[in-house]
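In the UniProt record's numbering, the protein residues as written are 1 to 667.
Right, dumping it as structure tokens:
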């Protein structure tokens with residue numbers, strides 16, 4: 001990488017380097033296009049043809065410790081950043097020798113060694129990630145810059161605005177680079193944006209901003225020097241709008257019916273390579289023989305890369321599930337006999353204790369979310385923590401769930417241990433892109449190069465008359481997603497101990513706290529500590545039926561078991577505690593013993609976690625059953641406001657008792 005003290009100068013060696021970088025990208029992609037037509041490269045292939053001056057002008061100025069976040073059109077960024085061409089080509093083939101082990105393909109090139117955090121197939125999806133990487137560096141006072149590349153189509157996404165606001169608000173060392181190639185897929189900028197001066201949008205967030213001719217590599221490099229110097233000197237984000245043009249289709253599937261051939265040819269005549277090369281030749285700075293050598297060198301490297309990819313290996317089917325989660329997980333915490341001495345506390349205070357202990361135990365930990373600081377949290381979980389730990393570690397965020405959740409994910413990838421609080425589960429839908437497409441997939445797509453040790457907490461469930469947009473139980477949705485761990489602590493001990501253990505997990509952990517539990521009080525052993533987050537718990541032993549539940553339904557189910565006992569029915573209560581992964585062993589052992597099962601789930605019946613559990617029981621111990629499997633779920637309605645309707649919509653103790661009596665033929 002270039003020494004940061006380097007001054008702008010156009011020596012013969014330097015201009016040849018710039019030209020060579022652009023030619024190398026162009027010829028590599030020309031070969032990729034050829035290989036695509038031969039079906040050696042599959043899927044989507046987005047080429048950088050016409051935009052080479054941006055990567056060539058900016059990335060060599062970055063230090064090795066700086067970070068790069070790219071888009072799905074990232075071959076040029078990867079090559080200039082120093083990813084070996086042969087591993088990039090092998091990735092395009094899907095071979096295990098590829099830079100992402102064949103798991104990412106053209107749109108997802110990764111390299112931990114080069115601090116290259118991958119292309120991102122979600123338009124705008126990399127922006128919150130970049131903010132989070134920079135946030136980690138800011139918190140640790142590390143001298144790094146995160147360069148984030150994206151197209152002009154991303155400026156219509158909420159994540160663009162959320163990320164720029166965070167970067168300005170928190171003074172993050174991010175270089176935002178908008179590669180404005182004028183067409184978001186097939187829609188011209190003029191048809192999609194009311195304001196087409198994109199750099200003006202950045203100015204609206206208080207960012208230092210400028211526009212540069214993205215077809216002029218010298219102009220791009222000069223602007224990048226100014227930007228990087230400013231970021232390092234004053235610690236503020238900087239926005240570059242590089243006006244460019246892509247000569248090829250959006251992807252190789254694109255018929256390009258939205259623009260004329262004449263328009264493309266007009267732009268090709270002023271393309272970055274022909275423009276720079278012509279100027280160098282006309283002024284005698286380089287000669288045609290120099291260009292021939294550059295082309296020959298690039299072609300030789302490309303031939304070697306193709307041969308490497310052709311000789312590469314397909315990953316064996318036996319390792320299909322590798323890198324979904326970390327191969328080595330921390331050992332479960334040792335079981336400790338609870339002390340006789342206890343303190344009376346609430347579920348809310350237990351969560352607060354866990355957060356405080358985490359902050360005291362690990363400097364990498366911080367809490368972030370809407371109203372967690374000055375307000376003390378929507379459910380008062382973090383009340384008083386701002387005064388004790390300060391605004392850097394109890395970090396109030398804007399109302400931008402995707403932005404701050406993505407920033408938390410980015411900070412985790414950079415080595416921090418953030419606790420992200422989403423006010424309520426319904427709001428988490430706004431962050432689903434970041435949770436599903438980044439947190440859950442990053443380890444797998446990068447072939448294990450990057451983990452995401454983030455903990456995301458959110459309130460869930462009904463019972464407080466908050467109506468349909470604050471009351472649903474959606475944890476079963478998240479339990480569907482590979483790469484996540486989904487926890488549902490119900491007891492005070494679990495509320496305190498699960499967060500402790502979750503923060504030591506190398507993968508993303510979602511914790512769902514039922515709103516009806518926050519005020520629940522009880523004794524907590526003074527020596528209570530971390531708890532195992534991988535196993536279910538039998539909360540009550542029984543002989544006649546297994547009642548399988550979690551979270552807010554646990555205590556209703558325990559109450560039902562007491563009522564059933566009065567009727568001569570011995571019910572065993574299994575608290576799942578974790579919805580992903582499910583502890584099949586405990587579930588199946590209980591059902592094998594009682595030979596009957598009722599699953600109690602506050603999610604809706606259709607597509608519920610209860611259906612998954614029931615199917616697993618049917619698959620593994622069908623012949624041990626003495627009665628059909630049953631489940632009790634929320635009614636198929638949005639949660640109503642009126643109290644009598646809300647109560648009727650979700651499982652209640654009397655419904656559980658009635659369901660068991662019906663199963664046993666005692667109605």
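For every residue, glycine included, the Cβ atom is placed at its ideal position computed from N, Cα and C.
If I follow the unbroken alpha helix (DSSP H) through residue i, where does it start and stop?
{"i": "residue 264", "result": "261-268"}
{"i": "residue 180", "result": "First-last for residue 180: 174-180, but that is the beta strand (DSSP E), not the alpha helix (DSSP H)."}
{"i": "residue 12", "result": "12-37"}
{"i": "residue 434", "result": "It is not in any alpha helix (DSSP H) - residue 434 carries neither H nor E in the DSSP assignment."}
{"i": "residue 222", "result": "217-234"}
{"i": "residue 280", "result": "272-282"}
{"i": "residue 562", "result": "554-566"}
{"i": "residue 539", "result": "Element bounds for residue 539: not the alpha helix (DSSP H) but the beta strand (DSSP E), 537-540."}
{"i": "residue 547", "result": "Run containing residue 547: none in the alpha helix (DSSP H); it sits in the beta strand (DSSP E), 545-549."}
{"i": "residue 494", "result": "492-502"}
{"i": "residue 52", "result": "52-58"}
Decide if residue i is buried, meaning its Cβ has at least 16 other Cβ atoms within 10 Å, or exposed.
{"i": "residue 544", "result": "buried"}
{"i": "residue 604", "result": "buried"}
{"i": "residue 585", "result": "exposed"}
{"i": "residue 181", "result": "buried"}
{"i": "residue 51", "result": "buried"}
{"i": "residue 307", "result": "exposed"}
{"i": "residue 314", "result": "exposed"}
{"i": "residue 49", "result": "buried"}
{"i": "residue 120", "result": "buried"}
{"i": "residue 5", "result": "Here residue 5 scores only 45 on pLDDT, less than 50, and its place in the model should not be relied on; the value that follows carries that caveat. Label assigned to residue 5: exposed."}
{"i": "residue 132", "result": "buried"}
{"i": "residue 166", "result": "buried"}
{"i": "residue 303", "result": "exposed"}
{"i": "residue 335", "result": "exposed"}
{"i": "residue 651", "result": "buried"}
Terminal residues of the continuous beta strand (DSSP E) containing residue i?
{"i": "residue 524", "result": "521-525"}
{"i": "residue 478", "result": "Premise fails: residue 478 lies in the alpha helix (DSSP H), 475-478, not in any beta strand (DSSP E)."}
{"i": "residue 512", "result": "509-514"}
{"i": "residue 210", "result": "208-213"}
{"i": "residue 486", "result": "485-487"}
{"i": "residue 442", "result": "Segment 442-445 is the alpha helix (DSSP H) holding residue 442; no beta strand (DSSP E) there."}
{"i": "residue 456", "result": "455-460"}
{"i": "residue 580", "result": "578-580"}
{"i": "residue 200", "result": "Segment 198-203 is the alpha helix (DSSP H) holding residue 200; no beta strand (DSSP E) there."}
{"i": "residue 572", "result": "571-575"}
Would you kindly work out how many angstroms separate the C-alpha atoms of residue i and residue j, rounded to a whole number?
{"i": "residue 663", "j": "residue 631", "result": "10 Å"}
{"i": "residue 80", "j": "residue 236", "result": "25 Å"}
{"i": "residue 59", "j": "residue 424", "result": "40 Å"}
{"i": "residue 478", "j": "residue 484", "result": "8 Å"}
{"i": "residue 262", "j": "residue 433", "result": "38 Å"}
{"i": "residue 451", "j": "residue 115", "result": "13 Å"}
{"i": "residue 564", "j": "residue 362", "result": "46 Å"}
{"i": "residue 494", "j": "residue 666", "result": "35 Å"}
{"i": "residue 2", "j": "residue 75", "result": "Here residue 2 scores only 40 on pLDDT, less than 50, and its place in the model should not be relied on; the value that follows carries that caveat. The straight-line gap from Cα to Cα measures roughly 20 Å."}
{"i": "residue 661", "j": "residue 109", "result": "57 Å"}
{"i": "residue 93", "j": "residue 99", "result": "11 Å"}
{"i": "residue 644", "j": "residue 471", "result": "15 Å"}
{"i": "residue 676", "j": "residue 312", "result": "For residue 676 there is no data in the structure shown, the boundaries of the chain being 1 and 667."}
{"i": "residue 445", "j": "residue 456", "result": "21 Å"}
{"i": "residue 616", "j": "residue 241", "result": "53 Å"}
{"i": "residue 430", "j": "residue 402", "result": "6 Å"}
{"i": "residue 396", "j": "residue 382", "result": "11 Å"}
{"i": "residue 638", "j": "residue 656", "result": "21 Å"}
{"i": "residue 26", "j": "residue 504", "result": "45 Å"}
{"i": "residue 296", "j": "residue 143", "result": "38 Å"}
{"i": "residue 447", "j": "residue 486", "result": "22 Å"}
{"i": "residue 384", "j": "residue 319", "result": "48 Å"}
So residue i packs on residue j, CB below 8 Å; how close in whole Å?
{"i": "residue 546", "j": "residue 488", "result": "Not a contact, Cβ separation roughly 18 Å."}
{"i": "residue 499", "j": "residue 354", "result": "4 Å"}
{"i": "residue 421", "j": "residue 367", "result": "7 Å"}
{"i": "residue 250", "j": "residue 183", "result": "7 Å"}
{"i": "residue 214", "j": "residue 266", "result": "Not quite, the Cβ-Cβ distance comes to about 16 Å (not below 8 Å), so this is no contact."}
{"i": "residue 275", "j": "residue 216", "result": "7 Å"}
Checklist entry - What are the start and end residues of each continuous alpha helix (DSSP H) run of 4 or more residues lying completely inside the segment 298-386, in chain order? => result Listed in chain order, they are 347-361.
Item to check | Ranges of the alpha helix (DSSP H) found wholly within the segment 382-416, counting only runs of at least 4 | outcome: Listed in chain order, they are 385-389 and 401-413.
Next on the checklist: At 4 residues or longer, what runs of the alpha helix (DSSP H) sit wholly inside the segment 71-124?
Outcome noted: Correct list: 75-81 and 85-93.
Checklist entry - For the segment 582-655, which segments carrying the alpha helix (DSSP H) assignment without a break, of at least 4 residues, lie completely within its bounds, in sequence order? => result Counting only runs of 4 or more, we get 584-594, 609-621 and 643-649.
Item to check | Contained beta strand (DSSP E) runs [length at least 3] in the segment 135-194, N- to C-terminal order | outcome: Whole beta strand (DSSP E) segments, 3+ residues: 146-151 and 174-180.
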